[in-house]
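Since the structure comes first, as structure tokens, the remarks are kept for the end.
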Ligand code: G1P
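Residue numbers (this note's numbering): 71 to 391.
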């Protein structure tokens, strides 16, 4: 089949971020930082590396900071220039998308991920596109979407989803795939289910928030009935499209942090901080000291210490009624 190049990417960023209140009262959750780069910038970096030329953001009310972030900041630039801060200037310059490379539209109501994607249909038009859920922050070389582009090229087109394994106890938080065979990094997907109870999950391979989709998905979203959580689910539309087109799972090689979650967000900061040339070594030392301290000093109830260290938590039993 004729394989069309992926030029555009959608970033759904309309979510309210209630799990991060009060931090997200006045700023979008996508502007929270991984060290010093906003979460949304991480996803845009990954898309750029994979050759994406146009960035489509599906935003909502109170998300203006995202649009400002991807615009020039002339006042700031002139101050930096006056002060001779050339490194900072260069950084801003290299991060900035060119004029006309970004588009913004709003999801007017929170009707689900499928609906958010559908809101971008006119900006995508009749061509395959990438979809990146910025909450999922990846760490890998090359980036996740680049790895998927390679699978896309190898398989000759169709749809590609990044998948990875999670502990079985966590499958119900995600979309889960069923697959028949593994061919290198590509899995032939033959089933999907959104947020299954553990016993209904066909595998522990989850949909990890990166997609390459054909434009026929939009019609499937349009005819999708509200699914899990009463929302228009992208997964349901993909299940419908699976009747007509192949879906490949790309076994992503790297680490994923679910930054929709406080713990995942903190871990992402630690993981990315450790790899930084500038602060990495000092950060590692500081962390080691801190961990050492928490092992020898025990200022908090046992449960909390264990929770912070990712160990099993013993909670006090509530008094019998
Ligand atoms: C969405 C998708 C789900 C996927 C997840 C990854 O769910 O519907 O299939 O596994 O993203 O983060 P959400 O996190 O929006 O509930």
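Ideal Cβ positions, reconstructed from N, Cα and C, are used throughout, including at glycine.
Since this is a predicted model, take the numbers as computed values, not measurements.
Looking only at 330, 351, 350, the smallest Cα-Cα distance to residue 91 is reached by 330.
Between residue 250 and residue 256, the beta carbon gap of about 11 Å keeps them out of contact (Cβ cut-off 8 Å). In this structure, residue 325 sits near residue 209, with a CB-CB distance shorter than 9 Å.
When only Cα atoms are considered, residue 311 and residue 363 end up about 54 Å apart. For the pair residue 117 and residue 81, the CB atoms are nearer than the 9 Å cut-off.
Taking 9 Å as the cut-off, the beta carbon of residue 288 is found closer than this to the beta carbon of residue 194. Linking residue 335 to residue 245 through their CA atoms gives a straight-line distance of about 20 Å.
Sixteen is the threshold: when 16 or more other Cβ atoms of the shown chains lie within 10 Å of the Cβ of residue 318, as they do, the residue is buried.
Contact check for residue 268 against residue 215 fails: the beta carbons are separated by 9 Å or more. Taking C-beta atoms as the reference points, residue 227 and residue 131 fail to come closer than 9 Å. Separation of the CB atoms of residue 98 and residue 114 is rounded to 14 Å, and the pair is thereby denied contact status at 8 Å. A distance below 9 Å separates the beta carbons of residue 197 and residue 77. Under the three-state reduction of DSSP, residue 82 is assigned to strand.
Residue environment analysis places residue 178 among the exposed positions, since fewer than 16 neighbouring C-beta atoms fall within 10 angstroms of its C-beta.
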